[in-house]
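Visitor: Sharing a structure below in structure tokens format, with a few things to ask.
In the UniProt record's numbering, the protein residues as written are 1 to 571.
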């Protein structure tokens with residue numbers, strides 16, 4: 001019988017089936033999905049893969065838990081919700097790579113969830129699927145012919161021109177991504193890059209983030225990051241972009257006029273003229289995976305109800321009120337974001353030519369979202385290997401609504417991001433629909449919708465943390481655009497404490513962080529960079545109700561002030 005090393009049992013989340021944390025020193029419940037997979041591996045004698053994380057409830061379990069699992073496997077413990085065995089797949093801290101084969105079954109409750117979502121609407125859903133496949137085919141032809149030119153671009157100086165903004169906004173809403181040039185003057189952005197190099201060189205004990213991307217650096221409070229989050233032009237750009245969102249609920253407690261800073265990491269990647277083999281991070285979507293189908297996830301806000309009703313063409317990806325109550329992380333996934341991000345973003349500190357070490361986007365937001373959400377409900381009549389051509393396999397006539405819904409959700413597993421590939425999501429034709437971002441220059445700001453499919457270049461040949469080559473390093477800071485909401489204010493209170501103490505940003509784990517780093521900025525540096533607006537974005541200054549537009553926004557400010565400044569405003 002193969003031996004499980006205790007080190008493989010760590011960093012896990014709540015039970016996939018019962019959604020409860022077992023006792024840290026008690027009996028391990030056999031209903032837990034992760035244990036069932038371990039039992040399968042033990043029972044059939046397959047060597048365990050390198051699990052870097054399984055589920056959080058195993059994080060502090062004593063070593064005798066390993067013996068329990070081994071004994072349980074010998075006693076042939078089973079469970080009525082256990083999925084069939086599957087082939088080992090490599091795990092990583094932030095996402096997992098699905099092998100090009102059959103998808104991984106989930107617990108049977110997911111079959112019930114799927115059935116409930118479309119119950120009584122099967123005919124409408126099937127008809128909408130056929131229309132979706134037709135429109136996908138048409139749109140992919142357009143995207144593949146235009147390439148990087150598909151992504152709309154506007155110069156920051158043009159954002160005061162209503163006509164230019166209207167045209168830009170229309171394209172951004174359609175594509176789900178855009179570039180705003182010269183948000184930070186190039187000279188200033190290049191100076192920030194040099195400051196970053198000095199900061200990292202002066203404090204060499206910084207570490208890479210615990211992900212499979214060796215270019216992510218777990219620093220959150222460098223001078224450049226502090227200045228970027230507080231910069232007046234950055235905040236103005238975030239306001240402009242977030243205004244594209246709308247709310248069906250006029251009383252929803254949300255304000256896009258008060259951007260909130262989210263402390264994320266730096267990405268530094270040396271030039272690739274050294275013969276390294278390149279590969280792309282698997283195409284994926286952040287913001288959870290199975291949660292998009294679950295009633296306790298995005299179902300709480302009814303975010304995708306129109307899609308489940310067979311009316312994907314009426315679905316509005318820019319409606320904000322349905323996202324306020326959602327839970328996008330039911331399983332304590334690594335690298336998940338606790339804030340509501342209206343946009344993910346890169347602020348570039350160096351030149352990033354298109355097609356080189358950068359980002360790939362799938363700029364058909366509405367169509368791609370509807371597709372990967374509906375894909376689990378459909379199956380081909382004839383499999384690809386039996387079809388005369390790929391076109392015949394993809395044709396609408398070859399696809400039907402599954403007579404019996406299974407527990408499979410292609411590309412989704414609890415606690416991981418939603419992944420996509422050509423095998424599981426063939427109609428997306430990712431090799432044609434994923435386009436490189438346009439050339440980026442220092443000070444440019446790239447923004448994309450949180451539901452947009454994207455992929456990042458990476459170096460598999462040098463997976464370990466290494467000192468960046470400062471001469472030709474492509475440097476970007478992750479800089480999302482987040483509105484002021486209750487959830488975001490609660491997180492901001494934790495983030496503010498981390499900033500003041502020099503600890504890592506709350507979403508990114510513990511450790512010493514930067515508390516002993518020389519040159520780490522403080523509150524005065526935030527004020528120098530962004531004044532009162534910058535201080536408010538970091539939760540260091542109360543939001544002025546006098547600046548609020550309307551009664552609802554005043555309530556938002558009052559609520560946020562009560563959370564971050566209870567001694568002065570009190571709840």
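Note that the Cβ used here is the ideal one computed from N, Cα and C, for glycine as well.
Is it right to say residue 339 is buried, meaning 16 or more other beta carbons lie within 10 angstroms of its own, or is it exposed?
Guide: That one is buried.
Visitor: Alpha carbon to alpha carbon, how far is residue 424 from residue 518?
Guide: Answer to the nearest angstrom: the Cα atoms are 48 Å apart.
Visitor: According to DSSP, simplified to helix, strand and coil, what is residue 573?
Guide: The structure shown has nothing for residue 573, since the chain only spans 1 to 571.
Visitor: Name the two residues that bound the continuous alpha helix (DSSP H) containing residue 242.
Guide: Start and end: 232-242.
Visitor: Alpha carbon to alpha carbon, how far is residue 157 from residue 236?
Guide: Whole-angstrom Cα-Cα distance: 11 Å.
Visitor: By Cβ distance, which residues of its chain are closer than 7 Å to residue 269, with the 5 residues on each side in sequence left out?
Guide: If we look at residue 269 and ignore the five residues flanking it on each side, its Cβ neighbours are 215, 357, 473, 474.
Visitor: Do you know offhand how far residue 361's Cα is from residue 258's?
Guide: Answer to the nearest angstrom: the Cα atoms are 28 Å apart.
Visitor: Can you check whether the CB of residue 476 is closer than 8 Å to the CB of residue 267?
Guide: Contact: yes.
Visitor: Got a sec? Which residues, its chain only, sit under 8 Å from residue 228 by beta carbon, not counting five neighbours each side?
Guide: Counting only Cβ-Cβ distances below 8 Å, and skipping sequence neighbours, we find 184, 192, 234, 347, 477, 479.
Visitor: When you compare each of 405, 223, 177, 372 to residue 197 by their alpha carbons, which one comes out closest?
Guide: Looking at the Cα atoms, 223 is the closest of the given residues.
Visitor: Between 199, 301, 544, which lies nearest to residue 521 when the distance is taken from Cα to Cα?
Guide: Of 199, 301, 544, the residue nearest in Cα terms is 199.
Visitor: Within 10 Å of its beta-carbon, does residue 263 have 16 or more other beta-carbons around it, so buried, or fewer, so exposed?
Guide: Counting Cβ neighbours within 10 Å, residue 263 comes out buried, since at least 16 surround it.
Visitor: Using the Cα positions of residue 320 and residue 386, report the straight-line distance between them to the nearest angstrom.
Guide: About 44 Å.
Visitor: Helix, strand or coil for residue 296? Go by DSSP, reduced to three states.
Guide: In the structure shown, residue 296 sits in coil (DSSP, three-state: anything other than H, G, I, E or B).
Visitor: Could you give the DSSP three-state label for residue 268: helix, strand or coil?
Guide: Residue 268 falls in the strand class under three-state DSSP.
Visitor: Determine the direct distance from the alpha carbon of residue 454 to that of residue 447, and round the result to whole angstroms.
Guide: Going from the Cα of residue 447 to the Cα of residue 454 covers about 12 Å.
Visitor: Assign residue 501 to one of two classes, buried (16 or more other C-beta atoms within 10 Å of its C-beta) or exposed (fewer than that).
Guide: Residue 501 is exposed by the Cβ-count criterion.
Visitor: Kindly indicate the opening and closing residues of the beta strand (DSSP E) around residue 245.
Guide: Premise fails: residue 245 is in no beta strand (DSSP E) and is neither H nor E.
Visitor: Pick helix, strand or coil for residue 559, following the three-state DSSP scheme.
Guide: Residue 559: helix per DSSP, three-state reduction.
Visitor: Would you mind giving the Cβ-Cβ distance between residue 611 and residue 189, rounded to the nearest angstrom? I have them listed as a contact below 8 Å.
Guide: Nothing can be reported for residue 611, as the shown portion of the chain is limited to 1 through 571.
Visitor: Considering only residues of the segment 481-508, which uninterrupted beta strand (DSSP E) runs meet the minimum length of 3 residues and lie entirely inside it, listed in chain order?
Guide: Complete beta strand (DSSP E) runs here, min 3: 482-485.
Visitor: Please classify residue 327: does DSSP put it in a helix, a strand, or coil?
Guide: Correct three-state label for residue 327: coil.
Visitor: Does the beta-carbon distance from residue 413 to residue 289 come in below 8 Å?
Guide: Yes, they are a contact pair.
Visitor: With burial defined as no fewer than 16 other Cβ atoms inside 10 Å of the residue's Cβ, what is the status of residue 375: buried or exposed?
Guide: When all chains shown are included, residue 375 counts as buried.
Visitor: Helix or strand or just coil, what does DSSP make of residue 427?
Guide: Helix at residue 427.
Visitor: Taking C-alpha atoms, which residue in 341, 388, 432 lies nearest to residue 491?
Guide: Taking only the C-alpha atoms, the option nearest residue 491 is 341.
Visitor: Can you look up residue 184 in the DSSP assignment and give me helix, strand or coil?
Guide: DSSP places residue 184 in coil when its eight states are reduced to three.
Visitor: Per DSSP, residue 439 is paired with what?
Guide: Residue 439 pairs with nothing; no bridge assigned.
Visitor: Using the Cα positions of residue 323 and residue 388, report the straight-line distance between them to the nearest angstrom.
Guide: About 43 Å.
Visitor: Provide the residue(s) that pair with residue 155 in DSSP beta bridges, ordered along the chain.
Guide: Answer is 181.
Visitor: Does DSSP put residue 553 in a helix, in a strand, or in coil?
Guide: In this structure, residue 553 counts as helix in the three-state DSSP scheme.
Visitor: Look up residue 448 in the DSSP assignment and give the residues it is bridged to.
Guide: Residue 448 pairs with 177, 344.
Visitor: Here's the rule: buried if 16 or more other CB atoms are within 10 angstroms of the residue's CB, otherwise exposed. What is residue 551?
Guide: Residue 551 should be labelled exposed.
Visitor: Only counting the same chain, and skipping five residues up and downstream in sequence, which positions put a Cβ closer than 7 Å to that of residue 232?
Guide: Once the five neighbours on either side are set aside, the close Cβ partners of residue 232 are 530, 533.
Visitor: Residues in the same chain with beta-carbon distance under 7 Å from residue 497, minus the five sequence neighbours each way, listed in chain order, please.
Guide: Excluding sequence neighbours, residue 497 sits near nothing in its chain.
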